[in-house]
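Engineer: Take any residue in the sequence shown, count from 1 to its spot, add 228: that is its number in the numbering used here.
Here a beta-carbon is modelled for each residue, glycine too, at the ideal position from N, C-alpha and C.
Everything numeric in this text was worked out from a predicted model, so none of it was measured.
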Amino acid sequence: MENTIRMKGTQLSVPSTPVIPFIQGDGIGPDIWSAAVRVFDAAVEQAYGSSRRVVWKEVLAGERAFSETGEWLPEETLTAFREYLVGIKGPLTTPVGGGFRSLNVTLRQVLDLYVCLRPVRHYPGIPSPVKRPESVDMVVFRENTEDVYAGFETPMGDARTVKLLEFLKNELGWNIREDSGLGIKPISRYGSQRLIRAAIRYALKMKRKSVTMVHKGNIMKYTEGAFREWGYELAGAEFPSETIAYSSLAGGDAGGRVVIKDVIADAFLQQILTRPAEYEVIATMNLNGDYISDALAAQVGGIGIAPGANINFDSGNAIFEATHGTAPKYAGLNKVNPSSLILSGKMMFDYLGWDEAAELIEKGIIGTLEDRQVTYDFARLMEGAEEVSTSEYGDAIIRHMDNK
Ligand code: NAD
């Protein structure tokens, strides 16, 4: 048990040789995992010599799990993530007709990983469709368990839909077309506030200037509008001296406090293109968060590189993950970009408090990009680039950790 990461109060307690479960993933998963794990081990060894080491424990999910065990998400895998708290995964095929919508959604729901965390920044040299991608430096906290993603949907004509339509007509006087499918959008005070609390704590810890709540509260008053209100209420009640609402600033200085502000989602999607430097930490609901995370990722170089994590900041449970899919046509070709998984690993070491290893990984990536040794997806967009394989890219990152 001395190798198990634990939560002590509100802090993680990390042994020097923690067991970390990993899922290689389907499709290109094994290609990117084998490059990434060498980078992780090299960073830890270089940072701490023999005094720290990750004990990797492979667990199964997805196609490989199905072919070996007959289950897409074996109970053993869930048990390992519960027991060891922190894990990492490659992309998984979504089973068609497998009994659940997506393995990723199932993992998030079963482990109650209520924050989908997506840091978005630009690394010099990465091709971007915008003029000043370096102005983007945001961290998105997307709520993971509620909203129209909660799965409360019924199809057109279904007996449950008919019943619901009748109820809504008779009890509430809502006339909804009979040939409608229905979905419920639950947004709770509890769910909103734990997400916004995590965003504010992060902003305080990382000394970021603001937390912005992104919502469509002008239209959806009792769900998205309430999210905004509950956010201001929480900041005032739990962080009264450390935060200040933008409306109370009146153009004055925040005096080192984190500014709490909000913006309507459509305006936000314009402003991340026109004035991205005004936003730092973003707190938003599930659907908005899905669009926003990918729109921001595109601004700084797209899906081959964007890292992510799903975290429950109360239990400490966290799964770090590549945010792209399984790209089956490239599986086994040693060709694709492993940056998303490698940067997810960097996030994981940050989360464990192994800052030196995290910094070495970032240093290695920056040096490799400066040298323009990149995989095919970037090589075709970068002038003077040398196209390298997945494993060669991993080797280059390890070499660049050494540069003084
Ligand atoms: P995808 O991300 O696999 O592919 C989209 C495009 O991006 C393709 O052109 C692909 O070749 C390219 N691409 C993806 N990752 C790349 C990388 N690391 N380097 C270079 N190019 C890369 O998305 P899709 O085709 O919509 O989905 C394929 C499968 O992946 C589906 O089964 C889907 O359900 C699953 N999926 C899983 C996750 C996850 O596990 N987090 C996320 C998205 C999709």
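Excluding the five sequence neighbours on either side, which residues of its own chain have a C-beta within less than 7 angstroms of the C-beta of Leu432, listed in chain order?
Structural biologist: Walking along the sequence shown from the start, residue 432 turns up at place 204. The answer, listed in chain order, is Glu470, Val486.
Engineer: From this set, Ser262, Tyr418, Glu299, Arg281, which residue's C-alpha is nearest Ala559's C-alpha?
Structural biologist: As a working mapping, residue 559 is identified with position 331 in the sequence shown. Comparing Cα positions, the closest option is Ser262.
Engineer: Applying the criterion that 16 or more other CB atoms from any shown protein chain within 10 Å of the CB defines a buried residue, is Tyr450 buried or exposed?
Structural biologist: Stepping through the sequence shown from its first residue, residue 450 is reached at position 222. With fewer than 16 other Cβ atoms within 10 Å, it is exposed.
Engineer: Starting from Glu371, follow the beta strand (DSSP E) in both directions and report where the run begins and ends.
Structural biologist: Translated into positions along the sequence shown, residue 371 becomes position 143. Where Glu371 is concerned, the enclosing beta strand (DSSP E) stretches over 365-371.
Engineer: Unbroken beta strand (DSSP E) runs of length 3 or more, entirely within the region 458-510: which are they?
Structural biologist: Counting whole runs of 3 or more residues, the region 458-510 contains the beta strand (DSSP E) stretches 471-473, 486-492.
Engineer: What does the Cβ neighbour count give for Phe395, buried or exposed, with the cut at 16 atoms within 10 Å?
Structural biologist: The residue you call residue 395 lines up with position 167 of the sequence shown. Classification for Phe395: exposed.
Engineer: Straight-line CA distance for His350 to Leu341?
Structural biologist: Here residue 350 refers to the residue found at position 122 of the sequence shown. Here residue 341 refers to the residue found at position 113 of the sequence shown. Rounded to the nearest angstrom, the two C-alpha atoms are 26 angstroms apart.
Engineer: What first and last residue would you give for the alpha helix (DSSP H) that runs through Gln252?
Structural biologist: Counting from one through the sequence shown, the residue named residue 252 turns up at place 24. Here Gln252 belongs to no alpha helix (DSSP H), and DSSP marks it neither H nor E.
Engineer: Between which two residues does the beta strand (DSSP E) containing Ile233 stretch?
Structural biologist: Against the sequence shown, residue 233 aligns to sequence position 5. Taken as a continuous stretch (DSSP letters only), Ile233 belongs to no beta strand (DSSP E), as it is neither H nor E.
Engineer: Applying the 10 Å Cβ sphere with the 16-neighbour rule, what's the burial state of Pro468?
Structural biologist: Position 240 of the sequence shown, counted from the first residue, corresponds to residue 468. Pro468 should be labelled exposed.
Engineer: Count the CB pairs spanning the region 475-482 and the region 411-426 that are closer than 8 angstroms, and state whether there are at least three.
Structural biologist: Judged by Cβ distances under 8 angstroms, the region 475-482 makes no contact with the region 411-426, as fewer than three pairs qualify.
Engineer: Taking the alpha carbon of Glu642 as the point to measure from, which residue in Glu506, Gly529, Asn562, Asp375 has its own alpha carbon closest?
Structural biologist: In the structure displayed, the chain extends from 229 to 632; residue 642 sits before or after that span and is not available.
Engineer: Please find out if some non-hydrogen atom of the ligand NAD comes closer than 6 angstroms to the beta-carbon of Leu320.
Structural biologist: The count along the sequence shown starts at 1 and reaches residue 320 at position 92. Yes - the ligand NAD has a heavy atom lying nearer than 6 angstroms to the Cβ of Leu320.
Engineer: Enumerate in chain order the residues of its own chain whose CB-to-CB distance from Glu508 is below 8 angstroms, with the five nearest sequence positions on each side excluded.
Structural biologist: Position 280 of the sequence shown, counting from 1, holds the residue named residue 508. Cβ neighbours of Glu508 beyond the five flanking positions: Asp365, Met366, Val367, Ala431, Arg436, Lys437, Ser438, Val439, Thr440.
Engineer: Less than 8 angstroms between C-beta atoms, sequence neighbours within five positions excluded: which residues of the same chain meet that for Gly315?
Structural biologist: Here residue 315 is taken as the residue at index 87 of the sequence shown, counted from 1. Within the same chain, Gly315 has close Cβ partners Ile248, Pro249, Phe250, Ile251, Val287, Ala308, Phe309, Ala546, Ile547, Phe548.
Engineer: Report the option in Ala550, Ile500, Ser568 whose CA atom is closest to the CA atom of Pro361.
Structural biologist: Translated into positions along the sequence shown, residue 361 becomes position 133. Among Ala550, Ile500, Ser568, the Cα nearest to that of Pro361 is on Ile500.
Engineer: Please name the residue or residues paired with His443 in a DSSP beta bridge.
Structural biologist: Taking the sequence shown and counting its residues from 1, the one referred to as residue 443 is at position 215. Per DSSP, Ile492.
Engineer: Does Glu230 pass the burial test, meaning 16 or more other C-beta atoms within 10 Å, or should it be called exposed?
Structural biologist: Translated into positions along the sequence shown, residue 230 becomes position 2. When all chains shown are included, Glu230 counts as exposed.
Engineer: Let me check understanding here. Comparing Cα to Cα, which of Asp490, Val491, Tyr474 lies closest to Gly483?
Structural biologist: Numbered from 1 along the sequence shown, position 255 holds the residue referred to as residue 483. Ranking the options by Cα distance to Gly483, first place goes to Tyr474.
Engineer: Use the C-beta contact count for Ala387: other C-beta atoms within 10 angstroms, 16 or more gives buried, fewer gives exposed.
Structural biologist: Walking along the sequence shown from the start, residue 387 turns up at place 159. Exposed is the call here.
Engineer: Suppose contacts are defined by Cβ-Cβ distances below 7 angstroms. Is Thr596 in contact with Ala613 by that definition?
Structural biologist: For the purposes of this step, residue 596 is identified with residue 368 of the sequence shown, where counting begins at 1. For the purposes of this step, residue 613 is identified with residue 385 of the sequence shown, where counting begins at 1. Taking 7 angstroms as the Cβ cut-off, Thr596 and Ala613 do not qualify as a contacting pair.
Engineer: Ignore the nearest five residues each way along the sequence and tell me which others in Ser244's own chain have a CB closer than 7 angstroms to its CB.
Structural biologist: Residue 244 sits at position 16 when you count from the first residue of the sequence shown. Counting only Cβ-Cβ distances below 7 angstroms, and skipping sequence neighbours, we find Ser279, Arg280.
Engineer: With respect to 6 angstroms, is the separation between the Cβ of Val528 and the closest non-hydrogen atom of the ligand NAD below this value?
Structural biologist: Walking along the sequence shown from the start, residue 528 turns up at place 300. Outside the cutoff, so no.
Engineer: How about Ala607: is its Cβ closer than 6 angstroms to a heavy atom in the ligand NAD?
Structural biologist: For the purposes of this step, residue 607 is identified with residue 379 of the sequence shown, where counting begins at 1. Result no, Cβ not under 6 angstroms from the ligand NAD.
Engineer: In this structure, does DSSP put Trp582 in helix, strand or coil?
Structural biologist: Translated into the one-based positions of the sequence shown, residue 582 becomes position 354. If DSSP states are grouped into helix, strand and coil, Trp582 belongs with coil.
Engineer: What does a CB cutoff of less than 8 angstroms around Pro246 pick up in its chain, not counting 5 residues either side in sequence?
Structural biologist: Taking the first residue of the sequence shown as position 1, residue 246 is located at position 18. Correct list, in chain order: Asn231, Thr232, Ile233, Val282, Val283, Tyr312, Val314, Leu580.
Engineer: Under a Cβ-count criterion, where at least 16 other Cβ atoms within 10 Å of its own Cβ denotes burial, should Ala465 be classed as buried or exposed?
Structural biologist: Your numbering for residue 465 matches position 237 in the sequence shown. So Ala465 counts as exposed.
Engineer: Lys285 lies in the beta strand (DSSP E); which residues open and close that run?
Structural biologist: Numbered from 1 along the sequence shown, position 57 holds the residue referred to as residue 285. It spans 283-286 - the beta strand (DSSP E) in which Lys285 sits, taken as one unbroken run.
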